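First comes the structure, then the notes that go with it.
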Amino acid sequence: MNWNRRRYTSTGEKPDPQVRKLLAAVVIALLVVKPSARADEVEKTLFLVVESGGVIASNTLAGRFDRLDLDAKEKIIDYRVANAVAVVVTSQRFAAYGVLAGGWQTLRRQAGEDTESLQAEDYSATVVTGDRILSFNGRTGAWHQLRRSVQFK
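Using numbering that gives the first Met the number 0, the first residue of the sequence shown is number 0, and each one after it goes up by one.
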């Protein structure tokens with residue numbers, strides 16, 4: 000192979016060396032920087048189907064469907080779904096699903112407990128109520144809770 004052969008553009012002009020350096024830098028940046036930026040992202044593997052009688056979690060990572068059945072008078076108040084975790088607030092309980100743990104994990108709501116905020120991201124879900132802060136780990140399927148101190152408004 001002749002490595003000393005001159006390279007020319009399609010118009011017959013010799014490319015500018017500065018342009019070649021710039022293009023090489025762009026290619027290196029795309030190959031090196033872009034994959035490392037995506038390495039921390041969690042792939043979207045969880046989808047919810049909300050129906051009148053319950054919620055179905057579609058876990059595409061495990062290739063399974065898991066149903067959360069609602070009791071006769073139980074109603075869905077709110078829900079959030081992220082890439083690998085979901086949390087559902089009903090009139091009677093908190094339910095969460097993690098794709099790695101599989102299956103719904105529930106906690107009973109306390110009488111008169113109001114939900115203040117609900118978040119789900121990657122493998123974690125957090126529910127803040129007037130009395131507690133609840134955290135769900137979607138990797139292990141475990142709920143953790145902290146009782147909130149009395150707050151005066």
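Backbone N, C-alpha and C define an ideal beta-carbon position, used for all residues, glycine too. No experiment lies behind these values; they were computed from the predicted model shown.
Residue i, DSSP secondary structure in three states
i	result
Q104	strand
L69	coil
R147	coil
R19	helix
A24	helix
S90	coil
V54	strand
Straight-line Cα distance separating residue j from residue i
i	j	result
Y78	V88	6 Å
V127	T114	6 Å
G111	K72	16 Å
Which listed residue (the options) has its alpha carbon closest to that of residue i
i	options	result
I55	Q109, E112, Y96	Y96
A100	A23, D68, A83, G53	A83
G52	E40, R63, V98, K74	K74
G129	S123, L22, Q118, S148	S148
T44	Q118, H143, A141, G137	G137
V98	Q91, E42, L133	E42
For residue i: DSSP bridge partner residues
i	result
N82	Looking at the DSSP assignment, N82 forms no beta bridge with any residue, so it has no partner.
Q118	T125
Nearest-angstrom Cβ-Cβ length linking residue i and residue j, presumed shorter than 8 Å
i	j	result
R133	T139	The question names Arg, but residue 133 is Leu in the sequence shown. Not quite, the Cβ-Cβ distance comes to about 15 Å (not below 8 Å), so this is no contact.
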